[in-house]
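The next block holds one structure in the form of structure tokens; read it before the comments.
Numbering (UniProt numbering), first residue to last: 1 to 215.
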């Protein structure tokens, strides 16, 4: 029997056996990742956040936050630049903690080295921070300064991005903010010659201070 006859015989046999069995239908509703333990969300977020280049500080008390932030500013803030904080709640916290800041927009474009904002949620899976301009910080304070600092609480940590979006929707209802930013690490790009550049489209450094809820 020629090779042609052998091939045709195999084809006839396959056709006689009917169509090949189809692969099992995937469960599209099943989660892609295993669920994260609720008790370890803050720890998982800290690990994810550091892995993508963020700088993380955990503070149990307001006094510890003041000491950590003052030391951090002494190292990072140039003498001729300013540390801007525009949200009244954050201003009250820092005033009580003894941390100096610039509360107005005076000389913002020329002196904005560091901006401190709150956030909507922290995503443990990816280490991302959800920021919205619905606060007094607006859009500029999280984007324009070279360094973006975020003050958050453990109760704001959620497992997945979907959980963060649901938290925002629950908070604002039908009046959602005009924009939401999912910030995952410092601003970076490798569009040109595949060379990684930090601070291309936003802050070059991203730092988060996690203050206990009861502090």
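For each residue, glycine too, the CB sits at the ideal point set by N, CA and C.
Remember, predicted model here, so these are calculated numbers, not experimental data.
Here the alpha carbons of residue 157 and residue 94 stand approximately 22 Å from one another. When DSSP states are grouped into helix, strand and coil, residue 112 belongs to the strand group.
Judged by DSSP secondary structure, residue 3 falls within the alpha helix (DSSP H) whose first and last residues are 3 to 16.
For residue 206, the closest of 32, 58, 62, 142 by C-alpha to C-alpha distance is 142. Closest option to residue 116, judged by alpha-carbon separation, among 178, 140, 15: 140. Burial is judged here by how many other beta carbons sit within 10 angstroms of a residue's own beta carbon; residue 8 has fewer than 16 and is exposed. With at least 16 other beta carbons inside 10 angstroms of its own, residue 148 counts as buried. Judged by DSSP in its simplified three-state form, residue 52 adopts coil rather than helix or strand. Contact between residue 79 and residue 113 is ruled out by a C-beta separation of about 10 Å, above the 8 Å threshold. Beta-carbon to beta-carbon, residue 201 and residue 181 are separated by about 11 Å, too far to satisfy the 8 Å threshold. Counting only runs that start and end inside the UniProt domain "LUD" (109 to 210), the beta strand (DSSP E) elements of at least 3 residues fall at 112 to 117, 121 to 123, 128 to 131, 147 to 152, 181 to 183. Shown here for residue 154: same chain residues with a beta carbon closer than 7 Å to its own, the five before and five after excluded, namely 42, 210, 212, 213 in chain order.
Ranked by Cα distance from residue 107, the first of 81, 98, 90, 128 is 81.
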